[in-house]
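Chemist: If you scroll down you'll find the structure; I have some questions about it.
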Amino acid sequence: FLLVSGVLLLRVLQDSRAGIERTLLDSARQQASILDAELDATIRTLEALAFSTALTTEPIAAVERQLLNVIQTQPRWLSVRLFDRDGRVLLDTARPGAGPFGMAVEPASVESTIARGEPTISPLRRGPGGQLAFAVRVPVLKDGTPGYALTAVVKPEAIGELVSSVTPATDEWTRVVVDSGGTIVARTRSPERFVGQPATASFIERTSAVRDGFYQDTSLEGADVYVAFSRSARTGWVSGIVVPVGVMDGPIRRSMTMLLLLGLALLVAGGAAANWMARRLSFEISSAAQAAERLSQGEAV
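Numbers given in the working numbering equal positions in the sequence shown, counted from 1, plus 727.
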């Protein structure tokens, strides 16, 4: 009975754990979709500006005024910048009227945006002023071909607020977003400590091999955790859900412990009952033998 009960309970617990894994994976995929939607919205805003003829036909001062008006409506943006093909900053709304501005912090993504004629999203970087930010870039056409890159410099808190707005199933979960370079962009637990730092080597290795998955790892705090992740095919950024091992394995361990204690209790009770019955049977047999002996000697029984 105990063996059958144990097998059935283990099967139920395994099915329950598989359900939790699916829930975590679905949550990671949902988070990745929300992140893609947010970045797509930024790209569409920039593309609307890039299609404006003012960026290529008006004087730089007029373009700057236009971009200053736009950034007032985007509280999550630090600035809007315009780059030429060589990666030089032509204007920066964070420093209106100033110049020269120097070169891009991430020149490779500027070159890629113009060369490919497609939007790009740079990894999180620390700018000259020490501010962490990532860049969303779109090409600007000049005479029908990409000649500039229009860039929104976005603070990581924008992604942090977005991730925190996703209601977790439990407070034990930690939500994290890691950029294509392996740097943590957002984290719901201790963001002030970990945002801008690299993710663990095992996380980077595991998430680079497949689009999504579930595995056991060690967190940045040194705790044993389970990780569910989903990588965006569009941006290469990874959305992860991190849950302590104890949160998932605790119910299984408690149930197995209760089953073990129940088995031990039944074993002790069964042993005590068997011992009592054996002693009682032995006493009855001994009494019957004594009565038979007295009867054979003609004594009253």
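Cβ coordinates follow ideal geometry from the N, Cα and C atoms, glycine included.
Just so we're clear, the structure is a prediction, and the values are computed from it rather than from any experiment.
How close, in whole Å, do the beta carbons of V905 and A885 come, if the pair is a contact with beta carbons under 8 Å?
Modeler: So it is not a contact: roughly 16 Å between Cβ atoms.
Chemist: Using 8 Å as the cut-off, can you tell me whether the region 751–765 makes contact with the region 777–796, which would need three or more C-beta pairs spanning the two stretches below that distance?
Modeler: By the Cβ rule, the region 751–765 does not count as touching the region 777–796, because fewer than three pairs are nearer than 8 Å.
Chemist: Are there 16 or more other CB atoms within 10 angstroms of the CB of E833, so buried, or fewer, so exposed?
Modeler: buried
Chemist: By DSSP's criteria, A860 is part of a beta bridge. Which residues make up the other side?
Modeler: BP columns for A860 point to R852.
Chemist: Spatial neighbours of I798 within its chain, please: CB distance less than 8 Å, with the 5 preceding and 5 following residues excluded, ordered by chain position.
Modeler: Only W804, S806, V807 and T820 meet the Cβ criterion.
Chemist: What is the rounded straight-line gap between the Cα of S779 and the Cα of E765?
Modeler: When rounded, the distance between both Cα atoms is 22 Å.
Chemist: Restricting to Cα atoms, I'd like to know which of V903, L993 and D811 is closest to S685.
Modeler: One cannot answer for residue 685 here, as it falls past the ends of the chain, which runs 728 to 1028.
Chemist: Less than 7 Å between C-beta atoms, sequence neighbours within five positions excluded: which residues of the same chain meet that for L947?
Modeler: F921 and T927
Chemist: Quick check on DSSP: helix, strand or coil for D819?
Modeler: strand
Chemist: For R843 and G874, I'd like the C-alpha separation in whole angstroms.
Modeler: 11 Å
Chemist: Spatial neighbours of I747 within its chain, please: C-beta separation below 7 Å, excluding the five flanking residues on both sides.
Modeler: M975
Chemist: For A955, which residues from the same chain have a beta carbon less than 6 Å from its beta carbon, with the 5 sequence-adjacent residues on both sides left out?
Modeler: L751, L752, A755, F941 and I968
Chemist: Among the candidates L818, V972 and W964, whose CA atom is the shortest distance from the CA of A952?
Modeler: Going by the sequence as given, residue 952 is Val instead of Ala. Checking every option, the nearest Cα to that of V952 belongs to V972.
Chemist: Taking all protein chains shown into account, decide if S849 is buried (16 or more other Cβ within 10 angstroms of its Cβ) or exposed.
Modeler: Label assigned to S849: buried.
Chemist: Residues in its own chain within less than 7 Å of G963 by CB, not counting five upstream and five downstream?
Modeler: S907
Chemist: Provide the residue span of the alpha helix (DSSP H) that contains V837, from first to last.
Modeler: Element bounds for V837: P834 to R843.
Chemist: Could you round the C-beta distance between A876 and I841 to whole angstroms and report it? I think they count as a contact, below 8 Å.
Modeler: Correct: roughly 5 Å between the Cβ atoms.
Chemist: Between G814 and M830, is the Cβ-Cβ spacing less than 7 Å?
Modeler: yes
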